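Novice:
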Amino acid sequence: MNTIETSQAAAETEAETIGKVLLPILVVFLFAGYHLLLDGTPISLEIIILFAASILSVITIRAYRSLSRQPQMASWRRAAIAYSGLLPYAFAVYLIVALGVLPIFHLWSAGFSIWTLLGGCFWLLIGWRILFGFWLITEQANKEVQAL
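In numbering that gives the first Met the number 0, the protein residues as written are 0 to 147.
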């Protein structure tokens with residue numbers, strides 16, 4: 000394989016990996032955007048958190064991918080970008096716990112509802128997909144840094 004094919008394969012792998020994270024984040028962004036702009040209900044803090052965290056997670060993921068491409072970057076910038084990687088992680092954990100597990104847990108005390116169960120499972124899977132996809136991105140960046 001020549002270097003062009005290798006770099007093309009690496010770019011395809013990177014695009015696929017980033018797409019695995021961005022798709023669930025896009026779902027959360029559209030859900031929160033709908034509730035902010037089109038839904039007639041009052042705006043809640045939960046919806047604002049979903050909207051802002053989805054935007055910040057996309058920005059953070061893009062910045063995190065730049066770590067392995069710029070090895071000469073200043074140390075404090077590398078540290079800031081690396082620590083900003085906690086944002087998508089915290090966002091995914093928030094989706095899993097606050098929107099996924101807690102509603103399912105409250106089924107025992109508040110009474111059973113199939114919609115609450117399905118909604119909890121949906122957010123649990125969306126959060127897990129973001130968490131797993133971001134883990135793949137961090138592992139891919141780690142392999143690239145070790146290869147240098």
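Glycine included, C-beta positions come from ideal geometry on N, C-alpha and C.
Just so you know, these numbers come straight off a predicted model, no measurement behind them.
(1) Go to ARG61, then tell me how far its alpha helix (DSSP H) extends in each direction, as first and last residue.
(2) So PHE90 and ALA146 are supposed to be a Cβ contact under 8 angstroms. How far apart are they, rounded?
(3) From which residue to which residue does the alpha helix (DSSP H) around GLN69 run?
(4) Just to confirm before moving on: does the CB-CB distance between ILE95 and LEU117 stay below 9 angstroms?
(5) Once DSSP output is grouped into helix, strand and coil, what is the label at HIS34?
(6) Helix, strand or coil: which one does DSSP assign to PHE111?
(7) So the candidates are ASP38, TYR63 and LEU37; which of them puts its Cα closest to the Cα of ILE136?
(8) Please say whether GLY132 and PRO23 have beta carbons closer to each other than 9 angstroms?
(9) Would SER83 and ILE129 be called neighbours here (beta carbons separated by less than 9 angstroms)?
(10) If you run the structure through DSSP and keep just helix, strand and coil, what is ALA8?
(11) So what does DSSP say about THR16, is it helix, strand or coil?
Specialist: Let's see:
(1) 44 to 64
(2) Going by Cβ atoms, the distance from PHE90 to ALA146 rounds to 29 angstroms, so no, they are not a contact pair.
(3) Neither: GLN69 is in no alpha helix (DSSP H) and is coded neither H nor E.
(4) no
(5) helix
(6) coil
(7) TYR63
(8) yes
(9) no
(10) helix
(11) helix
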